[in-house]
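Before any comments, here is the structure.
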Amino acid sequence: MRWRRLHNPGLPVSLTLAGLELEAFSISGLATYVLVPALDACFDLGHCGVEAARLDHVFLSHVHQDHAGGVHRHLSLRAMTGARPPRIYCPAESAEALRDLLRAWARLEGKDPAGVGDVVVPVRPGDRLALGRGRTVEAFDVTHRIASRGYTVVERARALLPAWQGRPAAEVSAAVRRGEAVHAEAERRRLTYIGDSTIETLEQRPEVSDCDVLLMEATHLPGTDVATARRYGHTHLDELVALFARAPEALAARQIVLKHFSLKYREDDVARALAALPEGLRERVTMLAP
Ligand SMILES: [Zn+2]
Ligand SMILES: [Zn+2]
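Under numbering that gives the first Met the number 0, read the sequence shown as residues 0 to 289, first letter to last.
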């Protein structure tokens with residue numbers, strides 16, 4: 000095997016979807032992270048590069064090492080550069096163990112462990128977390144082998160009322176000066192992030208896919224049996240295709256990013272799987288593969 004063929008978590012893929020710029024990498028067992036600089040946030044942190052360390056908010060779906068292994072370096076890099084401590088959101092069930100780990104690492108490095116765990120914010124299903132600039136993150140439960148949360152970023156912004164959309168700016172300004180109501184608060188569901196998950200998450204909560212960009216896993220591709228995916232708490236691409244056929248509303252997002260492919264797949268396996276997706280789904284899907 001030549002070195003350049005190996006998956007490299009230090010080399011993310013750059014994507015722009017629905018106006019959002021993402022820097023992302025995701026291979027099962029190795030590392031998953033999705034950086035969204037415009038939100039000052041990243042989703043999962045299986046590997047932490049310099050760019051990730053600039054982000055204040057880290058939303059962990061769960062604490063398997065390929066999703067949470069970069070947390071310690073995130074804290075270290077920020078401490079080195081004098082940045083304020085981040086907020087590490089994590090399923091409430093795993094919060095204390097993650098704090099233990101961070102304290103243990105502080106001791107290993109000869110640092111005072113007191114307060115090190117304070118960066119960890121326990122997250123329960125239904126929690127609404129403020130992200131600043133009118134943005135909220137809604138947490139929901141995800142089915143995996145250990146406790147796992149999904150996250151939807153909701154933006155609140157002033158938007159023109161339908162009657163005023165498309166009208167010249169001068170007319171709108173004149174109406175505002177006359178004191179007429181031309182704007183209303185509108186909610187826009189920008190992104191939903193699901194880490195490792197079985198198909199049950201989207202089956203049971205189709206509403207989370209009502210957003211601009213849905214990130215979901217498809218660890219296994221055609222050629223591997225579905226039972227293997229289910230045994231390890233993952234999703235097979237065939238299950239997503241079947242879900243699209245019987246409940247298209249569960250895959251309603253404008254853009255869908257599939258990620259977390261098994262280490263064993265090569266680039267052409269992923270390209271073939273994308274080409275075989277049904278119409279109506281295929282043109283909205285991006286496969287997160289180098
Ligand atoms: Zn994983
Ligand atoms: Zn996992």
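Ideal Cβ placement from N, Cα and C applies to all residues, glycine included.
Owing to the predicted nature of the structure, the values given are computational and were not obtained by experimental measurement.
Rounded to whole angstroms, what is the Cα-Cα separation between residue i and residue j?
i	j	result
Leu-160	His-259	40 Å
Tyr-32	Ala-185	29 Å
Pro-8	Glu-266	15 Å
Glu-206	Ala-146	20 Å
Ser-25	Pro-289	9 Å
Ala-275	Arg-281	8 Å
Asp-140	Pro-85	23 Å
Asp-268	Pro-221	9 Å
Val-119	Ile-87	5 Å
Arg-72	Gly-131	24 Å
Thr-340	Gly-28	Since the first residue shown for the chain is 0 and the last is 289, residue 340 is missing from the structure and cannot be characterised.
Glu-278	Thr-15	22 Å
Val-152	Asp-99	29 Å
His-235	Val-225	6 Å
Pro-36	Ala-96	28 Å
Ala-180	Arg-187	20 Å
Gln-64	Val-175	53 Å
Arg-53	Asp-39	8 Å
Pro-121	Leu-214	22 Å
Ser-196	His-66	13 Å
Ala-30	Gly-232	17 Å
Lys-110	Phe-42	27 Å
Leu-201	Ser-208	8 Å
Gly-68	Val-57	12 Å
Ala-113	Leu-74	14 Å
Val-171	Arg-204	39 Å
Arg-229	Glu-108	39 Å
Leu-5	His-46	16 Å
Arg-283	Arg-102	43 Å
Leu-76	Pro-167	49 Å
If you run the structure through DSSP and keep just helix, strand and coil, what is residue i?
i	result
Asp-140	strand
Gln-254	strand
Glu-282	helix
Thr-191	strand
Glu-179	coil
Pro-167	coil
Leu-201	helix
Leu-19	strand
Leu-214	strand
Give me the Cβ distance between residue i and residue j, rounded to the nearest whole Å; I'm assuming they're in contact under 8 Å.
i	j	result
Val-115	Cys-89	Contact doesn't hold; Cβ gap of about 14 Å is too wide.
Leu-239	Ala-217	6 Å
Glu-293	Glu-50	Only positions 0 to 289 of the chain appear in the structure, and residue 293 is not among them; the question remains open.
Ser-60	Ile-193	7 Å
Ala-249	Leu-257	The pair is not a contact, with the Cβ atoms about 14 Å apart (cut-off 8 Å).
Ala-183	Ala-158	6 Å
Identify the residues that DSSP records as bridge partners of residue i: which are they?
i	result
Phe-58	Phe-42, Tyr-88
Gly-149	Phe-139
Glu-186	Arg-155
His-235	His-219
Arg-134	Gly-131, Glu-154
Leu-242	DSSP output for Leu-242 lists no bridge partner at all.
Ser-172	DSSP output for Ser-172 lists no bridge partner at all.
Tyr-32	Phe-24, Leu-44
Pro-121	Cys-89
Val-12	Ala-23
Ordered along the chain, which non-local residues of its own chain (more than five positions away) have a Cβ less than 8 Å from that of residue i?
i	result
Gly-133	Glu-154, Arg-155, Ala-156
Thr-223	His-235, Ser-261
Apart from the five residues just before and just after residue i, which ones in its own chain have a Cβ nearer than 7 Å to its Cβ?
i	result
Val-12	Ala-23, Phe-24, Leu-287, Pro-289
Arg-106	Pro-112
Below 6 Å CB to CB, which residues in the same chain sit around residue i once its five sequence neighbours on both sides are set aside?
i	result
Arg-123	Ala-91
Arg-253	Ala-17, Asp-211
Trp-104	His-71
Leu-128	Val-136
Arg-144	Gly-232
Leu-273	Met-286
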